[in-house]
Amino acid sequence: MIRIGLGYDSHRLEEGLPLILGGITIPHTKGFVAHSDGDALAHAITDAILGAAALGNIGQRFPDTDPQYQGADSLELLAQTLRLLNEAGYTLVNIDSNIIAQQPKLNPHIQAMRTRLSEVIGLPIDAISIKAKTNEHVGPEGREEAISTQAIVLIQSHA
Ligand code: MG
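Residue numbering for the sequence shown follows numbering that gives the first Met the number 0, starting at 0 and increasing by one per position.
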């Protein structure tokens, strides 16, 4: 049996904070205002995996009111989510994702993000797609107030 899951995230940007996407720290003047490390790509992928197996959402699994998730490494939360997925009887097949950011230009960093995610998730790089988009200077992403992410995943049952 196969199932799909959809994830979305959006984080506000502020001057002088680190910008982490797909586990990679990206040089930029702004970064994410967040309780965890703010990795909005990891969060969208995590929510897509949870959604595919109907295991709830990232806020339920890793509440931002819980001090243990203060400054959390989002890739560690993603790894925990994969263990939940496997316990529920499913394997992750592939990921496709979008990052909507006016600045910085992300294409030079896509390969590093795919490699880092591949290491954490245990999927081949060709099963992990990341596409960077600008928002044509429109909306919060286009005004560089926020960066948003979308992810979709396919899972299949072990049996
Ligand atoms: Mg988030």
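We put the CB at the ideal spot given by N, CA and C, even for glycine.
All values reported here derive from a predicted model rather than from experimental measurement.
Rounded to the nearest angstrom, the gap between the Cα atoms of His34 and Thr64 is 9 Å. For the ligand MG, no non-hydrogen atom lies closer than 7 Å to the CB of Ala53.
Runs of alpha helix (DSSP H) with 4 or more residues, each lying fully within the region 21-61, are found at 39-51, 57-60, listed in chain order. For Gly4, the uninterrupted beta strand (DSSP E) segment begins and ends at 1-14. Ala52 places its beta carbon less than 8 Å from that of Leu84.
Assigned with DSSP and collapsed to three states, Gln101 falls in coil, not helix or strand. Annotated as proximal: Ser73 and Asp38, with beta-carbon spacing under 8 Å.
For Leu153, the enclosing beta strand (DSSP E) starts and ends at 145-156. Spanning the alpha carbons of Asn106 and Gln69 requires a straight line of approximately 29 Å. Relative to the non-hydrogen atoms of the ligand MG, the Cβ of Ala150 never comes closer than 7 Å to any of them. Taken through DSSP and simplified to helix, strand or coil, Ala78 comes out as helix. Bounds of the alpha helix (DSSP H) holding Ala111 are 109-120. Inclusion of Leu49 and Phe31 in the CB contact set at 8 Å is not warranted, their separation being larger than that value. The ligand MG has a heavy atom closer than 7 Å to the beta-carbon of Ala39. In the structure shown, Asn85 adopts helical secondary structure according to DSSP, grouped into three states.
If you check the CB distance, Gly22 and Val119 come in under 8 Å.
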